[in-house]
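>
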Amino acid sequence: MILSHSAVWSDCCPSVRSKHMMRSNSSVPISSWNARRELGVSSQRNVSVYASTAGERVGVVVEEEESSQLEVPSLKVFPGQAQPLGVSEVESGINFAIFSQNATAVTLCLVLQKRGEPNIDDQGMITLSLDPLANKTGDIWHICVEDLPRGDILYGYRVDGPRDWHQGHRFDIKNILIDPYAKLIEGRRVFGDASNKMSTFFGTYDLDSLTFDWGEDYKAPGIPEKDLVIYEMNVRAFTADKSSGLDPNIRGSYRGVIEKIPHLVELGINAVELLPVFEFDEMEFQRRPNPRDHMINTWGYSTVNFFAPMSRYASNGGGPLNASREFKEMVKAFHNVGIEVILDVVYNHTNEADDEYPYTTSFRGIDNKVYYMVDLNNKAQLLNYSGCGNTLNCNHPVVMELILDSLRHWVLHYHVDGFRFDLASVLCRGTDGSPLDAPPLIRAIAKDTILSRSKIIAEPWDCGGLYLVGRFPNWDRWAEWNGMYRDDVRRFIKGDCGVKGRFATRIAGSADLYKVHKRKPYHSVNFVIAHDGFTLYDLVSYNNKHNEANGEGGNDGCNDNFSWNCGFEGETSDMNVKALRSRQMKNYHLALMISQGTPMMLMGDEYGHTRHGNNNSYGHDTALNHFQWGQNDVTWHEDNWDNYESKFIAFTLRDENDGHVYVAFNAHDYFVEAVIPTPPGERQWYRVVDTNLDSPDDIVPEGVPGIGDMYNIAPYSSILLEAKPKMV
Numbered sequence: 049m050i051l052s053h054s055a056v057w058s059d060c061c062p063s064v065r066s067k068h069m070m071r072s073n074s075s076v077p078i079s080s081w082n083a084r085r086e087l088g089v090s091s092q093r094n095v096s097v098y099a100s101t102a103g104e105r106v107g108v109v110v111e112e113e114e115s116s117q118l119e120v121p122s123l124k125v126f127p128g129q130a131q132p133l134g135v136s137e138v139e140s141g142i143n144f145a146i147f148s149q150n151a152t153a154v155t156l157c158l159v160l161q162k163r164g165e166p167n168i169d170d171q172g173m174i175t176l177s178l179d180p181l182a183n184k185t186g187d188i189w190h191i192c193v194e195d196l197p198r199g200d201i202l203y204g205y206r207v208d209g210p211r212d213w214h215q216g217h218r219f220d221i222k223n224i225l226i227d228p229y230a231k232l233i234e235g236r237r238v239f240g241d242a243s244n245k246m247s248t249f250f251g252t253y254d255l256d257s258l259t260f261d262w263g264e265d266y267k268a269p270g271i272p273e274k275d276l277v278i279y280e281m282n283v284r285a286f287t288a289d290k291s292s293g294l295d296p297n298i299r300g301s302y303r304g305v306i307e308k309i310p311h312l313v314e315l316g317i318n319a320v321e322l323l324p325v326f327e328f329d330e331m332e333f334q335r336r337p338n339p340r341d342h343m344i345n346t347w348g349y350s351t352v353n354f355f356a357p358m359s360r361y362a363s364n365g366g367g368p369l370n371a372s373r374e375f376k377e378m379v380k381a382f383h384n385v386g387i388e389v390i391l392d393v394v395y396n397h398t399n400e401a402d403d404e405y406p407y408t409t410s411f412r413g414i415d416n417k418v419y420y421m422v423d424l425n426n427k428a429q430l431l432n433y434s435g436c437g438n439t440l441n442c443n444h445p446v447v448m449e450l451i452l453d454s455l456r457h458w459v460l461h462y463h464v465d466g467f468r469f470d471l472a473s474v475l476c477r478g479t480d481g482s483p484l485d486a487p488p489l490i491r492a493i494a495k496d497t498i499l500s501r502s503k504i505i506a507e508p509w510d511c512g513g514l515y516l517v518g519r520f521p522n523w524d525r526w527a528e529w530n531g532m533y534r535d536d537v538r539r540f541i542k543g544d545c546g547v548k549g550r551f552a553t554r555i556a557g558s559a560d561l562y563k564v565h566k567r568k569p570y571h572s573v574n575f576v577i578a579h580d581g582f583t584l585y586d587l588v589s590y591n592n593k594h595n596e597a598n599g600e601g602g603n604d605g606c607n608d609n610f611s612w613n614c615g616f617e618g619e620t621s622d623m624n625v626k627a628l629r630s631r632q633m634k635n636y637h638l639a640l641m642i643s644q645g646t647p648m649m650l651m652g653d654e655y656g657h658t659r660h661g662n663n664n665s666y667g668h669d670t671a672l673n674h675f676q677w678g679q680n681d682v683t684w685h686e687d688n689w690d691n692y693e694s695k696f697i698a699f700t701l702r703d704e705n706d707g708h709v710y711v712a713f714n715a716h717d718y719f720v721e722a723v724i725p726t727p728p729g730e731r732q733w734y735r736v737v738d739t740n741l742d743s744p745d746d747i748v749p750e751g752v753p754g755i756g757d758m759y760n761i762a763p764y765s766s767i768l769l770e771a772k773p774k775m776v
C-alpha cells in the first residue's frame, strides 16, 4: 500500500446565480439553473426554473441572451425520486440522486459534449440548484430532467454545508464532485498523459447502447475453490511493453489482455486476479512538487470511483464506453477458455489523500463525516488505517450499502467471478476505528444472495496493526491471503534453522489457522510472491531492497523480505550462483504447487521477471513492471545444462500468430526420443526438416503432417517442425 499526496482541484466552473427568480403567488420554487461558457468567454445566459407545485413540470424562462455561441437547450425538470442512487431513466426523463446527510445545498452540473469528444474543458456547463424542500427525501437529493440526451452527458455535483472542520466537515462549494454511484467516468483518455495530468473527472452514462451479447453458449467457468490456480496480474503491465508484439493502440488495454490469453492457457492457470481496475488517477503523484512527482501510479490502489472500469485501459484512447465494452469482452474471452476473473478491490480508502494535501474529487466534498473515519477527539482529523491518508467508513450503513451495490454491479453487469479485498482488516473496524468481532459489512458480503457464488478473499491485515491471518471473521466463506505461508516457506527454502515444522504445517494446509468450524484448506490462498514485494527472481538475487528510484530515500517498502541472494547481490555472470538461483526458484514454485490450499503466482515469475531489487514498484510504468514478452520468444525443452556429457538440445521459437517452430539437435551417437510439445491453438506439427532422411525427404518446405507427441531423433541429426493449421 502507498500514501497518496495530491493537490486540491482548482475552481474550474464557478456557479452563476440567476438575476431573478420568477414565481407567482401559487408557485413553489423548485430550482434555478444557469448556463455559462467557461474559460473566459463572456457570453452567458441566465435561466430561471419554477413550478406551481412540487409535483408539476418545471417551466424554463430565458431571461437574457447575449450571444448565440452557447446553445442552451430547453430543459424541463421535475423533483425526481430518491431511488435508485446515481443516474437512472424514469418515465419523466433522466433522474439524478445523490446521498448527503450533512449538505445544506446541492447543485447538479451538466456538460453536453459532442458524441465521442473527450475534451471537456471548452464546453458550456449547466447548473441546476436543488431545492431542499422539493428535491430532497430524507438524506437523498434528487432531480429529474426531461429533455436530456440518453448519452454524451458529463455530470457532477457542487455540494455545500457546514464549514466546521473540527466536526468533520470538508464542504467546499467550488469543487465539482463525482457521483459515488456514477457507472462510467470521463476524464483523461490516454494512460500517463502528462499534458493532461490536471484533468477533471466527471461522471457520465450511456442509455443508448445495446445490451452486451455474452453469446448463446456462454457460461461462467464455475470452478470450485479447491481447484483454483490463481495468476495475479496487472492489466496494463501485461501487454504495455513493445515486446508484446501488439499494435501500439491496444498495448496495455483490456483488448491487449485478450490477445495474450493463449499464454495463460498454456501456463495452466484457471483464474486471474487483476490488480485494481476501478477508475483511478495514475497522475496523482504529479499534481504538486514532492519526492514522488516523477512517478505514475501503475498499480492502481487509489480508487476514484467504485463502479466504473478504468477508462484508460480502453484501447486507442477509446474512453469510458469502450472501456466498459472491452472489459466485458475480456471477461467473456477468459470465460470461454475456462479462466475465472477475480478483481483486486480497494474499499479501505480512496484517492482523496489526507488533510494536509487533500485531493477532493468525490466523497470528501459530498459528506466527509459519513464516508471517512474521523477522530472527533483530535480536531476531526482523518483516521489512517490504510497508510494512504484516509480510511473509508466501511461499516457506516450508507457506506456499507455503497460497497455492496458496487460488488453486485461487477457481478451482474461485468460477470466477474470474485474479489480480493485489499487491506481487508479495515473492513473489520467500526466507525470509530475500533476492531469488531462481527463486522456488519463482512457478514453482509458473505450472506448476500447475489454474491453467494463469488469467491471472496481477504488480505487480512491493515496498516493500523490489525493482523487477522487465520482469524479473519469469515462465516465459513471468506478465504485469506496467507501471509504466514509466504514467510515460513521463504525462510525454510532459503535455509533458516528452526522452521522445518512450520514449513511442514504450511504445505500441509495450515491446519493451525484454518481447521476451525467449516473452513477448508482452500480458504488459505498460498503465495510466495505477490505484486507487493520482491519478484521470484529478486527473492533469490537480493538480500536488501533497492528502492532508490522511488524517490523516498529507500525508506519505503518492506524490510522483512526473508530473501537470499545466493551469494551475490544482484546480477552476476557466475554460473554457479545463477544455477543455484534457478534451483531455488524451482524449489519455491514446487512448494507452492504441491501445498494444500489455493496457489497464487505473480505475473512474470514464469520467466524470472526482475525489478532489480525494487520491492515497492507501484509508481513505475516501465519495464520494471511491464511483462517482458521478448524473453519468452524461445522456450527451451532441454534444461540439462549442468551435465557436461549432454549433447542434446531442443527449443520452440514462438510466433505471435501461433506459427511456432520446434527445433532439436542431437549430437549424441545414439537415438534420442524427444517429447514434442503440444502445438498452439487449432494447429498441428508438420515436419519440415529431418537431416537424417535422404533427399528430397530431408527438407520439405510445405511440411509433412502426422507428427505425434514423440519423435525419435537419429544420432548426429536435427529436425525442424512447424505449427500449421490442421488439414480439413
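Going by our numbering, the sequence shown opens with residue 49, and the numbers climb by one from there. All residues carry an ideal CB built from backbone N, CA and C; glycine is no exception. Everything numeric in this text was worked out from a predicted model, so none of it was measured.
1) Per DSSP, what kind of secondary structure is H214 in: helix, strand or coil?
2) Write down the C-beta distance between Q644 and A556 rounded to the nearest angstrom, noting that I regard them as a contact closer than 8 Å.
3) Drop a sphere of 10 angstroms on the beta-carbon of S502, count the other beta-carbons inside from all chains shown, and report buried for 16 or more, exposed for fewer.
4) Mind checking which residues open and close the beta strand (DSSP E) that includes G466?
5) Mind checking whether M378 and Y302 have CB atoms under 7 Å apart?
6) Between which two residues does the beta strand (DSSP E) carrying H204 extend?
7) Short check: CB of P324 to CB of D392, under 7 Å?
8) Within 10 angstroms of its Cβ, does M775 collect 16 or more other Cβ (buried), or is it exposed?
9) Tell me the start and end of each unbroken alpha helix (DSSP H) in the region 454-515 that is at least 4 residues and wholly inside, in chain order.
10) Could you tell me whether the region 589-600 touches the region 658-678, using the rule of 3 or more Cβ pairs below 8 Å?
11) So what does Y266 bridge to, in DSSP terms?
12) Looking at C-beta atoms only, is the number of pairs between the region 349-368 and the region 299-317 that lie closer than 8 Å three or more?
13) Just to confirm my understanding: we take G518, look at its own chain, exclude 5 residues before and 5 after, and list those with CB closer than 6 Å. What are they?
14) Let's see if you can read the secondary structure: which residues bound the beta strand (DSSP E) around K772?
15) Which same chain residues, not among the five before or five after F375, have their C-beta less than 8 Å away from its C-beta?
16) Name the one or two DSSP bridge partners that V711 has.
17) Given that a residue counts as buried once 16 or more other Cβ atoms are within 10 Å of its Cβ, and exposed if not, what is N691?
18) What is the DSSP secondary structure of P296, reduced to helix, strand or coil?
19) State the Cα-Cα distance for the pair L178 and P210, rounded to the nearest angstrom.
20) Starting from R731, follow the beta strand (DSSP E) in both directions and report where the run begins and ends.
21) Secondary structure at M651, three-state DSSP: helix, strand or coil?
22) Do you know how far the Cα of G543 is from the Cα of S292?
23) On the CB-based measure, 16 or more other CB atoms within 10 Å of its CB, does D415 come out buried or exposed?
24) Exposed or buried, which one is S96 when buried takes at least 16 other CB atoms within 10 Å?
25) Quick one: what's got a C-beta closer than 8 Å to A698's C-beta in the same chain, skipping five residues either side?
26) For N384 and S743, I'd like the C-alpha separation in whole angstroms.
27) Express the C-alpha separation of T739 and A771 in angstroms, rounding to a whole number.
28) Just to confirm my understanding: we take K566, look at its own chain, exclude 5 residues before and 5 after, and list those with CB closer than 6 Å. What are they?
29) With which residues is L322 paired in a DSSP beta bridge?
30) Going by CA-CA distance only, name the one from L769, R237, E619 and L650 that's closest to G367.
31) What does D423 pair with, by DSSP beta-bridge criteria?
32) Leaving out five residues on either side along the sequence, give the residues of the same chain with a beta carbon under 7 Å from the beta carbon of H342.
33) Where R468 and E528 are concerned, what is the direct C-alpha to C-alpha distance, given to the nearest angstrom?
34) How is D717 classed by DSSP in three states: helix, strand or coil?
35) CA-CA distance, R550 and V283?
36) Whole angstroms is fine: what's the gap from P521's alpha carbon to M173's?
On the basis of the supplied data:
1) Stepping through the sequence shown from its first residue, residue 214 is reached at position 166. Three-state DSSP puts H214 in a helix.
2) On the sequence shown, position 596 is the one that residue 644 refers to. On the sequence shown, position 508 is the one that residue 556 refers to. Confirmed, about 6 Å.
3) On the sequence shown, residue 502 is found 454 positions in, with the first residue counted as 1. Answer is buried; the Cβ neighbour count reaches 16.
4) Within the sequence shown, the letter at position 418 stands for residue 466. That run of the beta strand (DSSP E) goes G466 to F469.
5) Within the sequence shown, residue 378 is the residue found at index 330, counting from 1. Within the sequence shown, residue 302 is the residue found at index 254, counting from 1. Yes, the Cβ-Cβ distance between M378 and Y302 is below 7 Å.
6) Position 156 of the sequence shown, counted from the start, is the residue given in the question as residue 204. Rather than His, the amino acid found at residue 204 in this sequence is Gly. First-last of the beta strand (DSSP E) with G204: G199 to D208.
7) The residue given as residue 324 occupies position 276 in the sequence shown. The residue given as residue 392 occupies position 344 in the sequence shown. Yes.
8) Counting from one through the sequence shown, the residue named residue 775 turns up at place 727. Counting Cβ neighbours within 10 Å, M775 comes out exposed, since fewer than 16 surround it.
9) 488-495
10) yes
11) Here residue 266 refers to the residue found at position 218 of the sequence shown. BP columns for Y266 are empty, so no partner.
12) Verdict: yes, contact present.
13) As a first step, residue 518 must be located in the sequence shown, where it is residue number 470. So the list reads L561, once near-sequence residues are dropped.
14) Working through the sequence shown from its first residue, we reach residue 772 at position 724. First-last of the beta strand (DSSP E) with K772: S765 to P773.
15) Residue numbering aside, residue 375 sits at position 327 when the sequence shown is read from its first letter. Hits under 8 Å: Y302, V325, P357, Y361 and Y462.
16) Taking the first residue of the sequence shown as 1, we reach residue 711 at position 663. For V711, the pairing in a beta bridge is given by DSSP as F699 and L768.
17) Within the sequence shown, residue 691 is the residue found at index 643, counting from 1. Its Cβ having fewer than 16 others within 10 Å, N691 is exposed.
18) Position 248 of the sequence shown holds residue 296. If DSSP states are grouped into helix, strand and coil, P296 belongs with coil.
19) The residue you call residue 178 lines up with position 130 of the sequence shown. The residue you call residue 210 lines up with position 162 of the sequence shown. Distance between the alpha carbons of L178 and P210: 17 Å.
20) Within the sequence shown, residue 731 is the residue found at index 683, counting from 1. Element bounds for R731: R731 to D738.
21) In the sequence shown, counting from the first residue as 1, residue 651 sits at position 603. Here M651 sits in coil by DSSP.
22) In the sequence shown, counting from the first residue as 1, residue 292 sits at position 244. In the sequence shown, counting from the first residue as 1, residue 543 sits at position 495. S292 and G543: Cα-Cα distance of roughly 37 Å.
23) What you label residue 415 is simply residue 367 of the sequence shown in a count that begins at 1. Under this definition D415 is a buried residue.
24) As a working note, residue 96 is residue 48 in the sequence shown. Residue placement at S96 cannot be trusted, given a pLDDT of 32 that sits under 50; what the coordinates show is reported in the next sentence. Burial call: buried.
25) In the sequence shown, residue 698 corresponds to position 650, counting from 1. Closer than 8 Å at Cβ, skipping near neighbours: W684, H685, E686, Y710, V711, A712, F713 and A722.
26) In the sequence shown, residue 384 corresponds to position 336, counting from 1. In the sequence shown, residue 743 corresponds to position 695, counting from 1. The alpha-carbon atoms of N384 and S743 are separated by roughly 45 Å.
27) Mapped onto the sequence shown, residue 771 falls at position 723. Mapped onto the sequence shown, residue 739 falls at position 691. About 19 Å.
28) Working through the sequence shown from its first residue, we reach residue 566 at position 518. The residues are D524.
29) Position 274 of the sequence shown, counting from 1, holds the residue named residue 322. Paired residues: M281 and L391.
30) Here residue 367 corresponds to residue number 319 of the sequence shown, with the count starting at 1. Check the Cα spacing between G367 and each of L769, R237, E619 and L650: the tightest is with R237.
31) Residue 423 sits at position 375 when you count from the first residue of the sequence shown. Under the DSSP definition of a beta bridge, D423 partners with Q429.
32) Within the sequence shown, residue 342 is the residue found at index 294, counting from 1. Counting only Cβ-Cβ distances below 7 Å, and skipping sequence neighbours, we find G599.
33) Indexing the sequence shown from 1 puts residue 468 at position 420. Indexing the sequence shown from 1 puts residue 528 at position 480. Each residue's alpha carbon lies about 9 Å from the other.
34) Your numbering for residue 717 matches position 669 in the sequence shown. Looking at D717 - three-state DSSP - the assignment turns out to be coil, as it is neither helix nor strand.
35) One-based indexing of the sequence shown puts residue 550 at position 502. One-based indexing of the sequence shown puts residue 283 at position 235. Spanning the two alpha carbons is a distance of roughly 35 Å.
36) As a position in the sequence shown, residue 521 is number 473, starting the count at 1. As a position in the sequence shown, residue 173 is number 125, starting the count at 1. P521 and M173: Cα-Cα distance of roughly 48 Å.
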